[in-house]
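*Asks:* Protein sequences, first through last, are from chains A and B.
Numbering-wise, the first sequence is residues 97 to 276 according to this note's numbering.
Numbering-wise, the second sequence is residues 3 to 179 according to this note's numbering.
C-beta atoms are modelled at their ideal positions from N, C-alpha and C, and glycine is treated no differently.
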Amino acid sequence: MRVDLMHRVTVSAVLALFLSLALLVGAAPGVLAQAPQRGGAAELLAADPVLEERVTELSHKLRCLVCQNQSIAESNAPLAVDLRNQVREQLAAGKSEDQVIDYLVARYGDFVLYLPPVNGITLLLWVGPGLLLFSGVGWLALRLRGRADEPASAALNNDQRNRARALLDGAPLPPEEPRS
Amino acid sequence: MKAKFLVPLVLFLVLAGFLGLGLTLNPRLVPSPLIDKPAPEFRLSQLENPDGYVSLADMRGKVWLLNIWASWCAACLQEHPVLIDLARQQVVPIVGLNYKDGRDDAIGWLHKHGDPYTTSVMDADGRVGIDYGVYGVPETFLIDQAGMIRYKHIGPVTPEAVRDLILPKIAELKRAG
Numbered sequence: 097m098r099v100d101l102m103h104r105v106t107v108s109a110v111l112a113l114f115l116s117l118a119l120l121v122g123a124a125p126g127v128l129a130q131a132p133q134r135g136g137a138a139e140l141l142a143a144d145p146v147l148e149e150r151v152t153e154l155s156h157k158l159r160c161l162v163c164q165n166q167s168i169a170e171s172n173a174p175l176a177v178d179l180r181n182q183v184r185e186q187l188a189a190g191k192s193e194d195q196v197i198d199y200l201v202a203r204y205g206d207f208v209l210y211l212p213p214v215n216g217i218t219l220l221l222w223v224g225p226g227l228l229l230f231s232g233v234g235w236l237a238l239r240l241r242g243r244a245d246e247p248a249s250a251a252l253n254n255d256q257r258n259r260a261r262a263l264l265d266g267a268p269l270p271p272e273e274p275r276s
Numbered sequence: 003m004k005a006k007f008l009v010p011l012v013l014f015l016v017l018a019g020f021l022g023l024g025l026t027l028n029p030r031l032v033p034s035p036l037i038d039k040p041a042p043e044f045r046l047s048q049l050e051n052p053d054g055y056v057s058l059a060d061m062r063g064k065v066w067l068l069n070i071w072a073s074w075c076a077a078c079l080q081e082h083p084v085l086i087d088l089a090r091q092q093v094v095p096i097v098g099l100n101y102k103d104g105r106d107d108a109i110g111w112l113h114k115h116g117d118p119y120t121t122s123v124m125d126a127d128g129r130v131g132i133d134y135g136v137y138g139v140p141e142t143f144l145i146d147q148a149g150m151i152r153y154k155h156i157g158p159v160t161p162e163a164v165r166d167l168i169l170p171k172i173a174e175l176k177r178a179g
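1) What's the gap between the Cα of B:D53 and the Cα of A:A176?
2) Would you check if the distance between the CB atom of B:P140 and the CB atom of B:W71 is smaller than 8 Å?
3) How would you write the range of the alpha helix (DSSP H) that B:K109 sits in, first residue to last?
4) How is B:V16 classed by DSSP in three states: helix, strand or coil?
5) Helix, strand or coil: how does DSSP classify B:G98 here?
6) What number of angstroms, rounded off, separates the C-alpha of A:A129 from the C-alpha of A:H156?
7) Leaving aside the five residues before and after A:L221 along the sequence, list all residues of the same chain whose C-beta is less than 8 Å from its C-beta, in chain order.
8) Kindly indicate if chain B contains any beta-carbon less than 8 Å away from that of A:V146.
9) Against chain B, with Cβ distances strictly below 8 Å, would A:R150 count as a contact?
10) How about B:V56 and B:V159: do their beta carbons lie closer than 8 Å?
11) Using the beta-carbon of each residue, which ones in chain A are nearer than 9 Å to B:K2?
12) Please classify A:R180 as buried or exposed, where buried requires at least 16 neighbouring CB atoms within 10 angstroms.
13) Name, please, each residue of chain A whose Cβ falls closer than 7 Å to the Cβ of B:V9.
14) Which word fits B:E162, buried or exposed, when buried means at least 16 other C-beta atoms lie within 10 angstroms of its C-beta?
15) Assuming B:V164 and A:G205 make a contact with CB atoms under 8 Å, what is their CB distance in whole Å?
16) Please identify the residue among B:R177, B:I168, B:E50 whose C-alpha is closest to the C-alpha of B:M124.
17) Starting from the beta carbon of A:F207, find every residue of chain B whose beta carbon is closer than 7 Å, and list them in chain order.
18) Got a sec: which bits of the stretch 153–169 of chain B sit with their beta carbon under 9 Å from any beta carbon on chain A, in order along the chain?
19) Return the chain-ordered list of same chain residues with a C-beta closer than 8 Å to the C-beta of A:A124, the five sequence neighbours on each side being excluded.
20) Give a yes or no on whether 8 Å exceeds the smallest Cβ distance from B:P140 to chain A.
21) I want to see whether chain A comes within less than 8 Å of B:I132, judged by CB atoms only; does it?
22) What residues in its chain sit with their C-beta under 7 Å from that of A:Y199, if we drop five residues either side in the sequence?
23) From the DSSP secondary-structure annotation, give me the bridge partner or partners of B:S57.
24) With 8 Å as the threshold, decide whether the Cβ of B:G149 is near any Cβ in chain A.
25) Can you find a CB in chain B that lies within less than 8 Å of the CB of A:A188?
26) Name, please, each residue of chain B whose Cβ falls closer than 9 Å to the Cβ of A:A202.
27) Between the beta-carbon of B:K102 and the beta-carbon of B:G128, is there less than 8 Å?
28) Would B:G179 pass as a contact of B:D146 if the rule is Cβ separation under 8 Å?
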C-alpha cells in the first residue's frame, strides 16, 4: 500500500515535469514565430535574400520599445523600422549577430532582448517556475506520505455498522448511541 | 497549527501586494543603461543654420540639457512652457535635438511656440536618437562637464521634475565640477 502510494506520487511528479517541459518547449518558439515574416516580407526590397533572412531572424529576438509586446520584426512603429534598418546595415557591414545585439543592449538595456539574459536580476524569473513546481511536488509527496502513515481511523464499531446497513436497506434507523 | 487555514489567505495577500505594486509602475519607463556613461558622440547640422554644426565636444566643460523634441510631437507642446521657463532662468544651456522632423516644420513650430533652446540640431534620420537610446519623444538628458550622462527624463518634463530632480542635480553637478 505504502510502496504503491509512493510510486503513484513519483509517477505523477514525473508526468507533471514532462508536461511543463513540453509546454515550455512548445510555447517558446510558438511565441517567437507569431505573425511570422509580416514586417520582413513587406520589406524584401534588399537585393540580398540571405541578409534579409538574417535581419528578420535577429529582429524577432529584439523587443520594440514602442509597442512593447512586439518584436521589431513584427512592429511597424517608426522606431522599429529604424532599428531594423540599423540591424540590416550593421549585418551588411559584416558585424556578427552578437555584436549587433551588444550595440542595442548598450543603448536600450536588456529590455530590448525578447529573451532576458540569465543574471542576478532575472535569476528568479528563470528558476522560479521550476522552483515552484518542485516545491509543490515535494509538498504533495510529504503530505501524502504523512497521510499514509496515519492509522486507519475509518474503522466502524458494531453499532455504526448496523446503522449504516440500516440506512442502505432503507429500514428505520436504530436509535443513535449517545457519543461520549 | 490552528491557524493553518490562514495560509492561503496570507499567500493571496502577498501575491495581491506584489500585483498591486506592479500596478503603480509604469511599463513605459525603461531605465537607460547610459546613466553615468559617456554621452554618445554626435555632429549635427543646426536647425536654423544648416551649415553650422554642433558636436558633443562643443559642450565639454558645461553642465547642459539635451532635449529631444519634434514638431509632430504632442507631448512636446505640453512640456514646452516648462522648458521656456527653465531657459528664462538661464541655469544651463538647453540643446534641442530635433528628432525626425522637417526643417521648415521645426522652425515654424519654434516661431509659433517660442524657442527655449540655446541651439537646436537636426537628427533627421533618428540615428543620433538611437545612439542615445531614445524610444519616444520627448526625452531629456542631463549631461555633465565631462560629457557623462547623469540623468534621463522620459516623457514631458514637468515643473515638479524640474524643481525636485533636475535643478538639484544641476546644482550638485556644478558644485562637483
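*Replies:* According to the structure data:
1) Using only the alpha carbons, I get a separation of about 30 Å.
2) For the pair B:P140 and B:W71, the CB atoms are nearer than the 8 Å cut-off.
3) Here residue 109 of chain B turns out to be Ile, not Lys, going by the sequence shown. Per DSSP, the unbroken alpha helix (DSSP H) holding B:I109 starts and ends at 105–115.
4) B:V16 falls in the helix class under three-state DSSP.
5) Correct three-state label for B:G98: strand.
6) Confidence in A:A129 is poor, its pLDDT being 36 and thus under 50, which makes the residue's placement too unreliable to answer from.
7) Non-local beta-carbon contacts of A:L221 in its own chain, meaning distances under 8 Å to residues more than five positions away in sequence, involve P212 in chain order.
8) Under the 8 Å criterion on CB atoms, A:V146 is classed as non-interfacial with respect to chain B.
9) Contact of A:R150 with chain B is not assigned, every C-beta pair being separated by 8 Å or more.
10) Taking 8 Å as the Cβ cut-off, B:V56 and B:V159 do not qualify as a contacting pair.
11) Beyond the ends of chain B as shown, which are 3 and 179, falls residue 2 of chain B; an answer cannot be given.
12) A:R180 comes out buried.
13) Going along chain A, no residue has its Cβ under 7 Å from B:V9, so there is no contact; the nearest lies around 11 Å.
14) Label assigned to B:E162: exposed.
15) Approximately 25 Å separates the beta-carbon atoms of B:V164 and A:G205; this is outside 8 Å, ruling out the contact.
16) When C-alpha distances from B:M124 are compared across B:R177, B:I168, B:E50, the shortest belongs to B:E50.
17) In chain order: V32.
18) Correct list: empty, as no residue qualifies.
19) With a pLDDT of 45 at A:A124, under the threshold of 50, the modelled position of this residue cannot be trusted, and the question is left open.
20) No, because no Cβ of chain A sits closer than 8 Å to the Cβ of B:P140.
21) Yes, B:I132 counts as interfacial toward chain A.
22) Within the same chain, Cβ atoms closer than 7 Å to the Cβ of A:Y199 are found at Q186, the five residues on either side in sequence being excluded.
23) Per DSSP, B:R45.
24) So no, B:G149 is outside the interface.
25) Judged by the 8 Å Cβ criterion, A:A188 is not in contact with chain B.
26) Chain B residues near A:A202: P35, L36, K39, G135.
27) Against a cut-off of 8 Å, the Cβ pair of B:G128 and B:K102 comes out as a contact.
28) Yes; because the gap between Cβ atoms is below 8 Å, this pair is in contact.
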